[in-house]
Structures are given as C-alpha cells and as structure tokens.
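The structure appears right after this line, and notes come after that.
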Amino acid sequence: MSLEIKIDGIYDEKTFNHLAAMGILNFGFDFRPLSFNFIPQHKFQELINSKFSSKRRFFLHFADEKDFMIWKIVDDLTKLYVRLKDLQEKGIEYLTMQSNFFLEFSYLKNNLDFYNQFNLPFYLYVDDTNEGVISDLEKFHRPSHLKGIILNYNSLMHRYDNGTVEDIKKGLLPLLSTKRGRTQIEIVLDVDWDAEIFTSLLEIFPFQRVAFKINPKIEFSYRNVDINRVENHLKNFSQML
2 MSLEIKIDGI
12 YDEKTFNHLA
22 AMGILNFGFD
32 FRPLSFNFIP
42 QHKFQELINS
52 KFSSKRRFFL
62 HFADEKDFMI
72 WKIVDDLTKL
82 YVRLKDLQEK
92 GIEYLTMQSN
102 FFLEFSYLKN
112 NLDFYNQFNL
122 PFYLYVDDTN
132 EGVISDLEKF
142 HRPSHLKGII
152 LNYNSLMHRY
162 DNGTVEDIKK
172 GLLPLLSTKR
182 GRTQIEIVLD
192 VDWDAEIFTS
202 LLEIFPFQRV
212 AFKINPKIEF
222 SYRNVDINRV
232 ENHLKNFSQM
242 L
C-alpha cells in the first residue's frame with residue numbers, strides 16, 4: 002500500500018526545511034488562532050515566497066473564522082502566487098494555483114456553499130461530531146471545489162469496534178463515483194504519531210494520504226520539533242503497512 006504523507010501544523014522554516022529534506026511534499030499550516038500550531042499570516046507568506054515549488058502542496062487549515070478573514074489570506078496568497086508565476090521566464094515550470102494550494106475546514110457550517118466561495122479546492126474534516134454532513138455531500142460534490150474528506154483514525158476505530166464503520170463507507174460511495182464526469186474525491190486519514198495502525202481499517206477506505214500533526218509527541222519543547230522522532234515514527238508507520 003502506497004500512501005502520501007502530509008505533515009500538519011508547521012510553524013517555522015527550520016521544520017519545513019527538515020521535512021522537505023526528507024522528501025515530504027504535502028505541508029499543512031494552521032490558521033486557527035487558538036491552535037498551538039498557529040502560524041501568523043506574514044510568516045506563512047515569507048515561507049511560501051522562499052520555499053514554493055510546483056511539486057509541493059500547501060494546505061491552509063481553518064475552523065470557524067469569518068469569511069473576510071479567510072478572503073484576506075486567500076487574496077494575499079493569490080497576489081504572491083501571481084508574482085511567483087511570473088518567474089516562469091526564469092525556468093519555473095507552468096504553475097496552477099489550484100494544484101498547489103488547498104483549504105481545510107474542521108468546523109462544518111450548515112451552508113456548505115460557504116466553503117465554495119474562495120475558489121480553491123478544499124477538504125472537510127469529518128469525525129464523530131459531524132458525520133451527518135456526509136449524507137448532504139452528494140449534491141455538493143461537483144462542480145463545487147470539494148476536493149476531499151479527512152477522516153479521524155480514532156473515530157473510525159470507534160466505529161469499527163461497534164460495527165458501524167461500513168455506514169460511513171456507504172455514505173461516501175456517491176462521492177467516490179466517477180459517473181457523469183465527476184472527479185473522485187480524495188479520502189485522507191488523520192492519525193496521531195503513536196497510533197497502532199489496524200491495517201484492516203485501511204483496506205476499507207481508498208485513502209490517498211495520511212496526515213500527521215505536529216504535537217508534543219515529536220517536540221523537544223514547545224514549538225521545537227525533534228526531527229529524529231518524526232523520522233522514526235514515519236519509519237514505524239511504513240513498516241505497519
């Protein structure tokens with residue numbers, strides 16, 4: 002089984018550089034003000050300005066932020082992207098913003114069109130608190146910008162243990178269809194570093210990517226990542242598959 006790796010909650014250039022050196026191509030940034038991994042917008046802009054590559058994908062995580070706050074970040078990012086795209090003349094290959102930048106939302110609103118207004122592909126976090134949203138997503142799939150669903154490993158294991166995990170799969174089946182010209186959405190697994198992966202669960206869903214969030218389990222101290230622990234955990238994860 003081959004799964005892409007994504008690291009969430011990156012907050013400094015040092016950590017980014019270490020992860021990039023390991024071959025990581027999917028980077029998540031947390032714009033939720035109360036998050037321990039919150040990154041100020043100007044720091045994010047500086048990092049993108051110096052580290053952007055068309056081979057890398059950048060994910061911006063929001064919760065219940067106001068739309069004008071999200072628009073400010075998206076608009077400023079668009080301006081920066083246009084400048085980066087102008088560098089094609091210097092040898093950078095063709096760039097498409099929607100191929101490199103994605104939004105993520107972990108607080109789901111009743112009006113799902115809220116997420117579509119930003120004109121970027123987006124992912125929705127789904128766990129025990131909001132699984133009902135899956136039944137509403139079929140009509141929302143395309144031509145909306147919905148790119149994928151992020152499922153929490155612990156929530157899935159809870160459903161697996163009580164025999165209801167197949168209910169989630171059935172709810173997702175319409176979204177996995179490629180009929181009527183629709184593009185299949187991605188399913189991402191949100192998992193902690195020390196989780197004992199139950200491989201049978203991985204066989205139930207067609208996961209494209211596994212996301213690990215920076216937290217104290219792989220830090221020397223607050224906002225100080227121990228990259229050796231990161232490497233060891235990722236190695237252990239690959240051996241479980």
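Residue numbers (my numbering): 2 to 242. Ideal Cβ placement from N, Cα and C applies to all residues, glycine included.
Same chain, Cβ closer than 7 angstroms to residue i, neighbours up to 5 away in sequence not counted
i    : result
I71  : F63, F119
E14  : L48
M158 : F199, L202
R33  : F39, H62, F63, A64
M23  : E232
For residue j and residue i, believed in contact at Cβ under 8 angstroms, the rounded distance
i    : j    : result
I188 : I150 : 5 angstroms
K148 : F213 : The pair is not a contact, with the Cβ atoms about 19 angstroms apart (cut-off 8 angstroms).
Q209 : E5   : 6 angstroms
I11  : I215 : 7 angstroms
Cutoff 6 angstroms; reference residue i; Cβ partners in own chain excluding five residues on either side
i    : result
M241 : I198
N233 : none
R230 : I219
Cα-Cα separation, residue i to residue j
i    : j    : result
A196 : Y154 : 9 angstroms
D191 : Y126 : 9 angstroms
K56  : D65  : 30 angstroms
I8   : L176 : 25 angstroms
F45  : F30  : 8 angstroms
V83  : F60  : 18 angstroms
H43  : T79  : 14 angstroms
S51  : K170 : 40 angstroms
S3   : P207 : 11 angstroms
Same chain, Cβ closer than 8 angstroms to residue i, five either side skipped, listed in chain order
i    : result
S222 : none
D193 : Y154, N155, F213, K214, N216, K218
With 16 other Cβ atoms within 10 Å as the buried cut-off, status of residue i
i    : result
L121 : buried
S100 : exposed
F17  : buried
G172 : buried
N27  : buried
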